[in-house]
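Here's the structure, in structure tokens; my notes come after.
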Amino acid sequence: ARMRGGVANLAHALGGRIGIGQARLGGGDDLRPEEAAAMARAIPARRAEFAAGRSAARAGLRAIGLVPLPIPMATDRSPIWPRGVIGSISHDGDQAMAIVTRYQGVAGLGLDMEPHEDLPCDLWETVLIPAETRWLTVRDAAARGPLARMIFSAKEASYKALYPLTGAVVGFDAMTVCPDPDQGRFLARLNIGFGPYGPGTRLVGHLLTHADRIVTALVLPPADECGQNRAAIPDMEMQCFHANPPEALEI
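Residue numbers (the working numbering): 793 to 1043.
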């Protein structure tokens, strides 16, 4: 029930043009032949995860009135979406979720699901850049671990939206992220370029938290519209972005 509510909240945040699908791992293997070929040698757990992701993606296609066509896997393991469609798939625990849309006015989609738990401390140095770590150290102690997990999730979702532009594998230092769970969003600033999105580009994503999961999503606008974000969302520079040091996380 919690995840069904989460889907409804995400659907409301993303708007009607984004189709959202959900499936439970082990809920049935309806892989199409084009998809099953990629799982020929996979262990059962990986096949179940893959099948649930494809089921969720086809549910997303149906949600916006599209034919639920096969979604094979590319050599880099990314989904090959039907022509004219873009999307993103994520898994966590026994759940899979997908978001899809027509390739019109949207340059990319990224989705990530994570357990609503602390990000393990041994991952902080890998995931967080110094500015993010400094920002976390002045948060309430109990909030630091979950906020670090939100930063991780937001970077994953953003990278999924941007990766198809270049196919480049990058580190977590490719962007700086500040989460704002109270407002249901995160802000990301690119530290490197991704195709037409140059260093310094600011992107606004969705951040939803539930009792057991964190869900982040980024709807990537066309590059020539990114400069309009500031005017379109006048309050996007939240307090955490321009507070006095040491609380400042400049985005």
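Glycine included, each C-beta is placed from N, C-alpha and C at the ideal position.
6 Å Cβ shell around residue i - same chain, five flanking residues per side excluded
i: Ile810; result: Ile891, Thr893
i: Arg824; result: Pro862
i: Leu1012; result: Ala899, Gly900, Ala953
i: Ser880; result: Ile891, Leu901, Gly902, Leu903, Lys952
i: Arg936; result: Leu928
i: Ala844; result: Ala815, Leu817, Ala888
Own chain residues within Cβ distance below 7 Å of residue i, not counting five before or after
i: Ile921; result: Asp965, Thr968
For residue i, the nearest candidate out of the options (CA to CA)
i: Gly819; options: Ser847, Pro825, Ala960, Leu806; result: Ser847
i: Leu911; options: Leu999, Arg977, Met942; result: Met942
i: Leu939; options: Gly990, Thr1001, Arg833, Thr958; result: Thr1001
Buried versus exposed, by CB contacts within 10 Å (16 or more), residue i
i: Val919; result: buried
i: Cys913; result: exposed
i: Arg977; result: buried
i: Glu917; result: exposed
i: Ala888; result: buried
i: Arg850; result: buried
Three-way DSSP call (helix, strand, coil) for residue i in this model
i: Asp910; result: coil
i: Val877; result: strand
i: Arg1022; result: Its pLDDT being 40, under 50, Arg1022 is placed unreliably in this model, and the value from its coordinates should be taken loosely. Note: Arg1022 maps to helix in three-state DSSP.
i: Gln887; result: strand
i: Thr867; result: coil
Continuous alpha helix (DSSP H) stretch holding residue i: start and end
i: Ala844; result: 836 to 855
i: Ala940; result: 933 to 958
i: Pro825; result: 825 to 828
i: Thr925; result: 922 to 929
Segment limits, beta strand (DSSP E) that includes residue i
i: Pro971; result: 967 to 972
i: Leu999; result: 994 to 1001
i: Gln814; result: 811 to 816
i: Val1007; result: 1005 to 1012
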